[in-house]
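J.: Using the working numbering, the first residue of the sequence shown is number 5, and each one after it goes up by one.
For glycine and all other residues, C-beta sits at the position ideal for the given N, C-alpha and C.
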Amino acid sequence: PLAGALDAAGALALRVRRAGDTPLLVMLTDGRANIARDGSPGRQRAADDAEASARLLRGLGVRTIWIDTSAQPHPAAQALALQAGAHYLPLPHANARELWSAVRHVAAEPGR
Numbered sequence: 005p006l007a008g009a010l011d012a013a014g015a016l017a018l019r020v021r022r023a024g025d026t027p028l029l030v031m032l033t034d035g036r037a038n039i040a041r042d043g044s045p046g047r048q049r050a051a052d053d054a055e056a057s058a059r060l061l062r063g064l065g066v067r068t069i070w071i072d073t074s075a076q077p078h079p080a081a082q083a084l085a086l087q088a089g090a091h092y093l094p095l096p097h098a099n100a101r102e103l104w105s106a107v108r109h110v111a112a113e114p115g116r
């Protein structure tokens, strides 16, 4: 489930922060949730779970890059990136140089 992945990423970021380091999350997903957090099928419940997890991730204040792996930029991925407070980058329009530049830019942002 996408919500579970977001929850796990947030937990990992907190462990990194507690260890005295600065976490930077790079999420690679199309943002289309189809399985709820509890493993049950259903897109609406899965989307609701993913949105809640994205908002929790934003609340952690962790620098995050959301790479949309869809063949075309997808509104669901962009919406979740916004809810997570992440820098959104659609993969179909990015190359290795742009990805590296985005990671460096977000990593250099002050205050998170």
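1) Kindly give me the distance between the Cβ atoms of ALA7 and ALA54, rounded to whole angstroms, as I take these residues to be in contact under 8 angstroms.
2) For LEU93, which beta-bridge partners are listed by DSSP?
3) From what residue to what residue does the beta strand (DSSP E) around VAL30 run?
4) From which residue to which residue does the alpha helix (DSSP H) around GLY14 run?
5) PRO45 by DSSP, collapsed to three states: which one?
6) For the alpha helix (DSSP H) that VAL66 lies in, which residues bound it at each end?
7) Residues in its own chain within less than 6 angstroms of ALA50 by CB, not counting five upstream and five downstream?
8) For the candidate residues ASP25, SER105, ALA58, ARG47, whose alpha-carbon lies nearest to that of MET31?
9) Determine the burial state of ASP72: buried for a count of at least 16 other Cβ atoms within 10 Å of its Cβ, exposed for fewer.
T.: If we stick to the structure as given:
1) Here residue 7 is taken as the residue at index 3 of the sequence shown, counted from 1. Here residue 54 is taken as the residue at index 50 of the sequence shown, counted from 1. A Cβ-Cβ distance of about 5 angstroms is found for the pair ALA7 and ALA54, placing them in contact under the 8 angstroms criterion.
2) Along the sequence shown, read from residue 1 onward, the residue named residue 93 stands at position 89. In the DSSP output, where bridge partners are listed per residue, LEU93 has ILE71.
3) Taking the first residue of the sequence shown as position 1, residue 30 is located at position 26. Residues 28-33.
4) As a first step, residue 14 must be located in the sequence shown, where it is residue number 10. Here the alpha helix (DSSP H) through GLY14 covers 6-22.
5) Start at 1 with the first residue of the sequence shown, and residue 45 comes out as number 41. PRO45 falls in the strand class under three-state DSSP.
6) Taking the first residue of the sequence shown as 1, we reach residue 66 at position 62. Run containing VAL66: none; DSSP gives neither H nor E here.
7) As a working mapping, residue 50 is identified with position 46 in the sequence shown. Cβ within range, chain order: ALA37, ASN38, ILE39, ALA40.
8) Taking the sequence shown and counting its residues from 1, one reaches residue 31 at position 27. When only C-alpha atoms are compared, the closest one is ALA58.
9) Residue 72 sits at position 68 when you count from the first residue of the sequence shown. ASP72 should be labelled buried.
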